[in-house]
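Note sheet for the following structure.
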Amino acid sequence: MVCLQATATHIVGGELEIEHRSGYFYRITMNLYFDDVNGTPGARDPSANIRIFDKGTNRFMMDVQLPLRSDTFVNYTDIACTVGELRTRRIVYSQDVMLSPNMFNNQQGYYMAWERCCRNRTINNIVMPDAAGQVFYMEFPPVTKNGTQFVNSSPRLFPPLSDYACANELFYYDFSGTDADGDSLVYDMVTPLNGYATPDPTNAAPIARPAPYPEVRWLPGYNRDNQIQGSPPIIIEKQTGRLTVRPDRVGLFVFAVRVQEYRGGVKIGEVRRDFQLLVKDCPRNESPVVQAKVNGQTTNYKRGDVIRISPTDARCLNVEFTDPDPNSRITLYARPVNFRSDLYTFTGTTSGIVNGPGGQETLKANVCFDECFDTEGKVFKLDLIVKDNGCSLPRQDTLQVSFIIDPIPNEPPTIQLSRPDKLYTVMEGDVIDFNVLGFDADNDEVTIFARGLNFDINSVPINFRSNKGIGQVQSPFRWQIDCETLRQDSYQIEFTATSMVCGKELTRTEVIEVRTDYPNQVPVLTTDKQVLVFELDLNEPFEANFTGTDLDKHLLSMQARGENFDLASLGMAFTSTGGAGTATGKFNWTANCDAFQQGVLRVDFILQEDACAPSPLQQITMEFKVKVPDYKNFTPPNIFTPNADGLNDFFEIPGMPADVCTSSFQHIRIYNRWGKEVFSSTAHNFKWDGKDVNDGVYYYVIDYGADKFRGSVTLVR
Numbered sequence: 006m007v008c009l010q011a012t013a014t015h016i017v018g019g020e021l022e023i024e025h026r027s028g029y030f031y032r033i034t035m036n037l038y039f040d041d042v043n044g045t046p047g048a049r050d051p052s053a054n055i056r057i058f059d060k061g062t063n064r065f066m067m068d069v070q071l072p073l074r075s076d077t078f079v080n081y082t083d084i085a086c087t088v089g090e091l092r093t094r095r096i097v098y099s100q101d102v103m104l105s106p107n108m109f110n111n112q113q114g115y116y117m118a119w120e121r122c123c124r125n126r127t128i129n130n131i132v133m134p135d136a137a138g139q140v141f142y143m144e145f146p147p148v149t150k151n152g153t154q155f156v157n158s159s160p161r162l163f164p165p166l167s168d169y170a171c172a173n174e175l176f177y178y179d180f181s182g183t184d185a186d187g188d189s190l191v192y193d194m195v196t197p198l199n200g201y202a203t204p205d206p207t208n209a210a211p212i213a214r215p216a217p218y219p220e221v222r223w224l225p226g227y228n229r230d231n232q233i234q235g236s237p238p239i240i241i242e243k244q245t246g247r248l249t250v251r252p253d254r255v256g257l258f259v260f261a262v263r264v265q266e267y268r269g270g271v272k273i274g275e276v277r278r279d280f281q282l283l284v285k286d287c288p289r290n291e292s293p294v295v296q297a298k299v300n301g302q303t304t305n306y307k308r309g310d311v312i313r314i315s316p317t318d319a320r321c322l323n324v325e326f327t328d329p330d331p332n333s334r335i336t337l338y339a340r341p342v343n344f345r346s347d348l349y350t351f352t353g354t355t356s357g358i359v360n361g362p363g364g365q366e367t368l369k370a371n372v373c374f375d376e377c378f379d380t381e382g383k384v385f386k387l388d389l390i391v392k393d394n395g396c397s398l399p400r401q402d403t404l405q406v407s408f409i410i411d412p413i414p415n416e417p418p419t420i421q422l423s424r425p426d427k428l429y430t431v432m433e434g435d436v437i438d439f440n441v442l443g444f445d446a447d448n449d450e451v452t453i454f455a456r457g458l459n460f461d462i463n464s465v466p467i468n469f470r471s472n473k474g475i476g477q478v479q480s481p482f483r484w485q486i487d488c489e490t491l492r493q494d495s496y497q498i499e500f501t502a503t504s505m506v507c508g509k510e511l512t513r514t515e516v517i518e519v520r521t522d523y524p525n526q527v528p529v530l531t532t533d534k535q536v537l538v539f540e541l542d543l544n545e546p547f548e549a550n551f552t553g554t555d556l557d558k559h560l561l562s563m564q565a566r567g568e569n570f571d572l573a574s575l576g577m578a579f580t581s582t583g584g585a586g587t588a589t590g591k592f593n594w595t596a597n598c599d600a601f602q603q604g605v606l607r608v609d610f611i612l613q614e615d616a617c618a619p620s621p622l623q624q625i626t627m628e629f630k631v632k633v634p635d636y637k638n639f640t641p642p643n644i645f646t647p648n649a650d651g652l653n654d655f656f657e658i659p660g661m662p663a664d665v666c667t668s669s670f671q672h673i674r675i676y677n678r679w680g681k682e683v684f685s686s687t688a689h690n691f692k693w694d695g696k697d698v699n700d701g702v703y704y705y706v707i708d709y710g711a712d713k714f715r716g717s718v719t720l721v722r
């Protein structure tokens, strides 16, 4: 037994954590909770050796040595409840390590473990506690999944408190965790792990073995679901991690909690925490009491009633709270059940001491609801909670008040125009002016502004400034109709008055329409040509004259443009002169080969007026086509007699066609019957005298580029 005392470390409990840092670097942390009253100081290890295993095969992966980083005391909920037999230290070990993706890629995941002996000999719910070891155990996923990095940090549990429980008193404890990755957490009670550590000094801090690990042995009446006996026994809320127990006996009890981590409905890890709870026989602490009544009423509110607050009622509850115990500090606060917390305020005293020497027995406060609070006919609920400063945890009383608050009536604003007209017909130079007035019967701040419904109000010369005032406001409206305004037939302007009541916008609108009137006769475009389709011979000149007139004497201008071509590129020219009410234009052109190559050409002659609301463009379109002579239609002579008689002495072709767009004369070559060239010329008016050749038949080739003409001629002397 002496040996056991010498080696007992009195470990309260603890847990492991893993935190992603960057890349594949992680920080492994072990939180060790140590009994500072009964523990052996020399048992606080300077480092902790964590061993990592493959979860699917239990294969050893690596050791991680965690140096000691901090050693601090664990706080009480209320320092006034401190007791000498309960003082806990939190000893933190941590180290950053790299988990290689080539090594930690098994999709079943991994676990890490640390083993140590021993527990408190005074523990009352397990067999031989001073010989029982502990295993800190945590599971984590691979660092890669499906070839992609899988980032995860384990849940971080709420740091425990050095609180004790009182026998036959309700005790509650927040074991909830947070998860940096937003994963879902599920809590349950598990049997603490014993592991393989023993009181033997040579095995008190063994290197962790692979799972599975032996569990502690419960004493009769205790098990996983009844680790601390009571009504209720110790339980944990599955979703919130809130521990609750009403222990029915004093003692020191060990328990263990597991939090499992889920992502996408799939479990990816878990963390276990061992801890222990001291249950004492505490002095009797009575619960405080809170009561309330509607301001102006004499009877207290009865639980389950529904208070209806009308617009004329006081919007406050009178709250009284007390505690039967002497010298008790009590605190009042409220917790909204189904509405926001900023819709009420406290006045008066919300904290103080009652039943003290010369002190008061009851504290009083008021809960007043915001003027804008409107429950919209629904029942809202507010918990009024008073708690004392009793040990080990405060006792409290809760009064849930149900109420309906009707809204304070508020009239929407109104908007008026100083002129009754809703339709204006305007011409250039007219002026529209009136005042815009906004009113609010409740004397709330009212704002007036205007906007164009079918146009940008800033695009026309409207002078109007938005304005606001308390109860009423006005702003002048003025619009001088200019030429630019007349380009649109109709304008709609909406005037709006707005007031903000309890964060809600109330509005009223007034719409006017402005129609523009702009008499405008369509200008006329004429030409001196009777027809508009022309077929011109090559090199034939063409001229057309145009006249534009406008009875309204608007400034006219005229232009010409080719459809899909530039006039100048085909030698076409158009000149024009514009003026008030009249314009003239002249078109000149000589048909050419470029135009022939284009085929049919269309030229648009356009007359336009410069007016506020101009008429559509007036247009005349002329169509041109260039024709060329048929150079293939000629008959060369087939005989000549170079005998100097003055008759038919040369071979020549006076009727040979002139050059045309598609072909032009290149040369003529004449050959004898054996193919020898005897004459050639590049002159269009060539003459062959047959000199130095014999009588007979000769052959010629006339080259026009695109075509060649072949024939024969007979020389006879």
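So in the working numbering, the last spot in the sequence shown is 722, and the numbers never skip. Ideal Cβ positions, reconstructed from N, Cα and C, are used throughout, including at glycine. If you're wondering where the values come from, they're calculated on a predicted model, not measured in any experiment.
query: If A588 sits next to M563, beta carbons under 8 angstroms apart, how far is it from one beta carbon to the other, in whole angstroms?; result: 5 angstroms
query: Could you pull the DSSP bridge partners for H25 from this structure?; result: Y31
query: When we look at the beta-carbon of E376 and count the other beta-carbons within 10 Å, is it buried (16 or more) or exposed?; result: exposed
query: Would you decide whether P399 is buried or exposed? Buried here means 16 or more other CB atoms lie within 10 Å of its CB.; result: buried
query: Assuming Y192 and F180 are in contact, meaning their beta carbons sit under 8 angstroms apart, how far apart are those beta carbons, in whole angstroms?; result: 7 angstroms
query: From the DSSP output, which residues share a beta bridge with M661?; result: DSSP output for M661 lists no bridge partner at all.
query: Does DSSP classify A185 as helix, strand or coil?; result: coil
query: What residue does the alpha helix (DSSP H) around Q112 start on, and which one ends it?; result: No alpha helix (DSSP H) holds Q112; DSSP gives it neither H nor E.
query: State the DSSP-derived secondary structure class of I462, mapped to helix, strand or coil.; result: helix
query: Pull up the distance between the alpha-carbon of F408 and that of V391, whole angstroms please.; result: 20 angstroms
query: For E266, tell me which candidate among C321, E291, D186, F344 has the shortest Cα-Cα distance.; result: D186
query: Tell me the residue span of the alpha helix (DSSP H) that contains Q602.; result: 598 to 603
query: Closest by CA to D402, which one among E291, G361, R320?; result: E291
query: Under 6 angstroms Cβ to Cβ from T667, same chain only, skipping five residues before and after it: list those, please.; result: A711
query: Do L387 and V324 have their C-beta atoms within less than 8 angstroms of each other?; result: no
query: Under the three-state reduction of DSSP, which class applies to M6: helix, strand or coil?; result: Residue confidence for M6 is low, a pLDDT of 29 falling below 50, so the modelled location carries little weight and cannot support an answer.
query: Could you say which of V79, I55, Y98 lies nearest to P72 if we only look at CA atoms?; result: Y98
query: Rounded to the nearest angstrom, how far is the Cβ of Y218 from that of N231, given a contact under 8 angstroms?; result: With 8 angstroms as the limit, Y218 and N231 do not qualify as a contact, their Cβ atoms being about 21 angstroms apart.
query: Could you tell me which whole beta strand (DSSP E) segments of length 3 or greater appear in the stretch 109 to 160?; result: 115 to 122, 138 to 145
query: What did DSSP end up calling T490 once you bin it into helix, strand or coil?; result: helix
query: Roughly how many angstroms separate the alpha carbons of R214 and K60, rounded to a whole number?; result: 13 angstroms
query: If you scan the stretch 550 to 636 from start to end, which runs of the alpha helix (DSSP H) of 4 or more residues do you find wholly inside it?; result: 598 to 603
query: Nearest to W594 by alpha carbon, out of Q613, N63, G553, D542?; result: D542
query: Does the stretch 233 to 242 come close enough to the stretch 102 to 114 to have 3 or more Cβ pairs within less than 8 angstroms?; result: no
query: Does DSSP classify L91 as helix, strand or coil?; result: coil
query: At which residue ranges does the stretch 302 to 361 contain complete beta strand (DSSP E) runs of 3 or more residues, listed in the order of the chain?; result: 311 to 314, 321 to 327, 333 to 341, 349 to 353, 356 to 359
query: For Q302, which option in F39, V294, G309, I314 has the closest C-alpha, if you only look at C-alpha atoms?; result: I314
query: DSSP state of D532, grouped into three classes?; result: Looking at the sequence provided, one finds Thr at residue 532 rather than Asp. Reduced to three states, the DSSP call for T532 is strand.
query: Just to confirm my understanding: we take V718, look at its own chain, exclude 5 residues before and 5 after, and list those with CB closer than 6 angstroms. What are they?; result: N643, F656, Y703
query: Name the two residues that bound the continuous beta strand (DSSP E) containing K713.; result: 713 to 720
query: If the criterion is Cβ atoms closer than 8 angstroms, does the pair Y31 and P106 meet it?; result: no
query: Using beta-carbon positions only, say whether Y709 and G716 come within less than 8 angstroms of one another.; result: no
query: I need the boundaries of the beta strand (DSSP E) containing Y703, first residue and last residue.; result: 701 to 708
query: Quick one: grab the DSSP three-state call for C373.; result: strand
query: Where do the ends of the beta strand (DSSP E) carrying K509 lie?; result: 509 to 521
query: Please say whether D76 and R94 have beta carbons closer to each other than 8 angstroms?; result: yes
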